[in-house]
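**Q** Before we start, here is the structure in question, set down as structure tokens.
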Amino acid sequence: MKGMTVIVKSISRWVKMLIFLFGIYVTLFGHLTPGGGFAGGVILAGSYILLMLAFGREYAEDNLSLVVTSKLDCVGALLFVAIALSGLLYGSAAFFYNFLHQEIQAEKVKALDLVSAGAIPLSNIAICLKVGASLFMVVLILSVFRCDFSAGEREVS
Amino acid sequence: MFYIFLFFMIFLLIAALIAVHTDNLLSSVICVGAIGFGGSLMFLFLRAPDIAITQIVVEVLGLIILIRATISSDKTFISGQREFFGIVVSLALLLAISGLGLKALDGLPNFGTPAFVAAGEIEETIASQEYIEQSLSKTGAANAVAAVILDWRAYDTLGETTVLFTSILGAVVMLRKKTKNTGAIEA
């Protein structure tokens, strides 16, 4: 039986969804409340790291494999650059111009709404994808490395 | 001021060209260190001592790690006497860095002044007051921190995410699985 004891497994089975939801909340409300893409991404990665610690590496890798993680990482980076470049294409040609803000203002969106602040929530989502995928990938890679290292030593001796 | 920056630009360009084109790995690493050193000197002249300190710490640590990585297959001891010229040059550079750092520290606000009001400046013209007053009306974000890092200083955030991406890429490349004997590498 891989992973930790039954107590840890059943508690983390309950808690993982709450942590994941909290990460999404911190990311989406990053322009209104303290938080943002970096913090939300770390919390999302934390839920998967909890899964990996409690149920073993194979279970976590079935849920979110290394290939998918690296693709999510690249998608986050591309999305952030795309937001920056679309600021260059629309509006006054400036890198990282907040191109959605004026259109939202024309539709009379109140401040403190969820859909406000133009491109800032989109950037938060892109950074969240990027940071969460990167952190989970580092932990996954380190655990893969440790397993292979011990296996290699046994083969040598 | 312009000629100082021109000098540093040419210095950085020459160091970068040597770093790319040289055959010796160790001298390439040292040239990369020279690029970071020139950059931190430029930050000192621009009166940004915090960024200069960060830059020089990162460069020194990176240089030590990279030199250790490159000479691990080579000789790891130093033979011969210490060179007089090397000691003089390093002492001169140390004095120059310390002097410039002390000069740049004079530009910082005094200890105890409120963080968002710089000493001796008119409040309307400094950037931090503008961030506080106009973040909601200009970007629509209620969280002023989000407005700064994703709107006014988003270029900085792009650099940070690039650093994260590159470091993860390096970790994945260095830690990936190696198969036995053949030397072939799989993901």
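Protein chains in written order, with the working numbering: chain A, 56 to 212; chain B, 668 to 854.
Backbone N, C-alpha and C define an ideal beta-carbon position, used for all residues, glycine too.
For the alpha helix (DSSP H) containing residue 819 of chain B, name the first residue and the last one.
**A** From DSSP, residue 819 of chain B is part of no alpha helix (DSSP H); its letter is neither H nor E.
**Q** Quick one, are the C-beta atoms of residue 199 of chain A and residue 831 of chain B less than 8 Å apart?
**A** no
**Q** List, from N- to C-terminal side, the alpha helix (DSSP H) runs of 4 residues or more that fit wholly inside the stretch 81-120 of chain A.
**A** With a minimum length of 4 residues, the continuous alpha helix (DSSP H) runs that stay inside the stretch 81-120 of chain A are 92-110 and 112-118.
**Q** Sorted by chain position, which residues of the same chain lie with C-beta nearer than 6 Å to residue 706 of chain B's C-beta, five sequence neighbours on each side aside?
**A** 722
**Q** Determine the closest residue to residue 104 of chain A out of A:68, A:138 and A:83, with distance taken between C-alpha atoms.
**A** Nearest C-alpha to residue 104 of chain A: A:68.
**Q** For the alpha helix (DSSP H) that residue 674 of chain B lies in, which residues bound it at each end?
**A** 669-688
**Q** Could you tell me whether any Cβ in chain A is nearer than 8 Å to the Cβ of residue 807 of chain B?
**A** yes
**Q** So for residue 171 of chain A, helix, strand or coil by DSSP?
**A** coil
**Q** Any beta carbon of chain B sitting closer than 8 Å to that of residue 88 of chain A?
**A** yes
**Q** Between A:195, A:63 and A:189, which has its C-alpha nearest residue 127 of chain A's C-alpha?
**A** A:189
**Q** Please state whether DSSP places residue 768 of chain B in a helix, a strand or coil.
**A** helix
**Q** Report the residue from A:184, A:191, A:192 and A:178 whose alpha carbon sits nearest the alpha carbon of residue 86 of chain A.
**A** A:178
**Q** Could you name the residues of the same chain whose beta carbon sits closer than 8 Å to that of residue 209 of chain A, not counting the 5 residues immediately before and after it, in chain order?
**A** The predicted model places residue 209 of chain A with a pLDDT of 48, which falls under 50 and marks its position as unreliable; any figure quoted below should be read in that light. Contacts found: none.
**Q** Give the residues of chain B in contact with residue 192 of chain A, contact being defined as C-beta atoms less than 9 Å apart.
**A** 835, 838 and 839
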